[in-house]
Amino acid sequence: MTIHAVYEDYVAALSSGNRRQALVVARSALAEGIDIRDLYLDVFQPAMHEVGRLWEMNKMTVAQEHLATAITQSVMAQLYNHVFANPSLGRTLVATCIGGELHELGIRMVADFFEIEGWDVYYLGANVPASDVVATVTGRKADLLAISITLNTHVPLARDLIRALRDAPAGKNVKVMVGGQPVNRAPEIYRAMGADLTAPNAREAVRRAMEAVR
Ligand code: B12
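First residue of the sequence shown: 0, per numbering that gives the first Met the number 0; consecutive thereafter.
Below, the structure is given as structure tokens:
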């Protein structure tokens with residue numbers, strides 16, 4: 000079975016709101032030898048982007064879109080035995096959304112890719128005050144902070160968080176990576192935000208982080 004066929008089956012399961020079928024599609028793909036990372040990036044991610052497109056075109060209701068998101072989250076949670084597959088590398092990542100950013104699937108994927116690689120990952124989710132993010136990063140002696148933004152309006156919040164981290168004595172040398180859809184549309188903004196690096200997707204995020212944090 001090609002990855003594209005898996006994608007089509009998965010979109011069909013999401014469109015009909017069939018969680019059981021979505022899980023069957025994902026599990027069958029893994030059983031056929033498809034790598035969990037390909038399943039994330041070539042099936043779940045484009046399927047969620049397609050859901051957004053259908054929603055924008057009024058071809059999917061808000062309820063269907065919420066259902067599709069909940070299904071993908073629950074499928075990802077069922078596959079965690081494929082994520083905790085490698086021994087610890089002794090590298091620590093703190094991953095977070097920013098402010099009222101509710102789009103959390105992208106950063107969860109990023110966090111899972113680091114976990115697969117053997118990083119110790121602390122994923123904070125949405126709505127975490129900047130001071131708490133800074134305290135977690137310094138308290139956990141993190142090597143890297145990953146910040147995810149989906150809405151353009153959250154770009155300044157990420158910049159403020161990076162400033163707050165740099166103002167903390169133990170946060171000066173922690174590497175900071177930013178990413179998400181606004182950064183993908185204009186990758187160079189990561190510098191103006193005060194970050195050290197960016198990446199367009201979860202796979203590239205791990206690759207670049209492994210180079211930056213040695
Ligand atoms: C699901 C969804 C929601 C859910 C989110 C639930 C949840 N628990 O995550 C809910 C219903 C809450 C929601 C709400 C809204 N949404 Co919405 N949503 C989506 C949808 C359909 C899918 C998002 C998703 O899961 N994508 C899949 C992930 C895996 O892809 P990704 O985010 O691109 O992540 C990858 C890369 O970007 C990158 N990356 C991401 N973060 C990071 C971080 C680092 C450090 C790095 C290196 C890389 C990286 O790596 C990731 C993995 O490879 C998108 C459509 C889309 N195009 O994404 C719309 C979309 C993002 N939403 C949109 C909008 C407008 C909204 C609302 C404002 C709607 C409203 N009027 O209420 C609200 C805002 C809520 C808020 N305050 O955040 C628009 C945004 C338009 C824009 N340009 O700003 C989109 C694009 C839909 C559309 N076509 O119009 N949404």
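For glycine and all other residues, C-beta sits at the position ideal for the given N, C-alpha and C. None of these values were measured; they are calculated from a predicted model.
Own chain residues within Cβ distance below 7 Å of residue i, not counting five before or after
| i | result |
| --- | --- |
| Val-212 | Arg-90, Asp-142, Leu-143, Lys-174 |
| Glu-103 | Cys-96, Gly-124, Ala-125 |
| Glu-49 | Val-10 |
| Thr-137 | Ala-167, Ala-169, Gly-170 |
| Val-133 | Ala-163, Leu-164, Ala-167, Gly-170 |
| Pro-45 | Tyr-6 |
| Met-59 | Val-50, Leu-53 |
| Ala-194 | Ile-161, Val-175, Met-176, Val-177 |
Closer than 8 Å: residue i CB and nearest ligand 1 heavy atom
| i | result |
| --- | --- |
| Tyr-121 | no |
| Tyr-234 | Any question about residue 234 goes unanswered here, given that the chain covers just 0 to 213. |
| Ile-70 | no |
| Glu-64 | yes |
| Ser-14 | no |
| Gly-51 | yes |
| Val-177 | yes |
| Ile-33 | no |
| Ser-147 | yes |
| Ala-204 | yes |
| Glu-187 | no |
| Ala-201 | yes |
| Leu-101 | yes |
| Asn-183 | yes |
| Gly-105 | yes |
| Ala-198 | yes |
Own chain partners of residue i with C-beta closer than 8 Å, once the 5 adjacent residues on each side are dropped
| i | result |
| --- | --- |
| Arg-206 | Ala-198 |
| Tyr-121 | Thr-91, Leu-92, Val-93, Ala-94, Thr-135, Arg-139, Ala-141 |
| Asn-151 | Pro-181 |
Straight-line gap, residue i to residue j (C-alpha atoms, nearest Å)
| i | j | result |
| --- | --- | --- |
| Gly-179 | Met-0 | 30 Å |
| Val-42 | Tyr-6 | 5 Å |
| Ala-167 | Ser-130 | 10 Å |
| Leu-164 | Val-61 | 37 Å |
| Leu-66 | Glu-100 | 19 Å |
| Asp-34 | Glu-187 | 31 Å |
| Asn-17 | Asp-8 | 11 Å |
| Ala-191 | Asp-111 | 27 Å |
| Trp-54 | Arg-36 | 26 Å |
| His-3 | Ala-28 | 11 Å |
Spatial neighbours of residue i in its chain, beta-carbon cut-off 6 Å, leaving aside the 5 residues before and after
| i | result |
| --- | --- |
| Leu-196 | Met-176, Arg-207, Ala-211 |
| Met-108 | Tyr-39, Ala-201 |
| Ala-116 | Rather than Ala, the amino acid found at residue 116 in this sequence is Glu. Same-chain partners within the cutoff: Val-205. |
| Ala-12 | Gln-20, Ala-21, Val-24 |
Problem - Contact the stretch 18-27 vs the stretch 54-74: 3+ CB pairs below 8 Å - result: Yes, they touch.
Problem - Minimum length 3: unbroken beta strand (DSSP E) runs contained in the stretch 64-148 - result: Runs of the beta strand (DSSP E) inside the stretch 64-148: 91-95, 119-122, 143-147.
Exercise for the section: Entirely within the stretch 171-206 and at least 4 residues each: give me those alpha helix (DSSP H) ranges in chain order. Expected result: Correct list: 180-184, 188-191.
Exercise for the section: Please specify which runs of the alpha helix (DSSP H), each continuous and at least 4 residues long, are wholly inside the stretch 21-64, giving them in chain order. Expected result: Within the stretch 21-64, the runs of alpha helix (DSSP H) that reach at least 4 residues and sit entirely inside it are, in chain order, 35-38, 44-55.
Practice task
Mind the definition here: the stretch 145-160 touches the stretch 75-90 only if three or more C-beta pairs lie below 8 Å; say whether that holds.
Solution key: Because the criterion of three Cβ pairs below 8 Å is not met, the stretch 145-160 and the stretch 75-90 do not touch.
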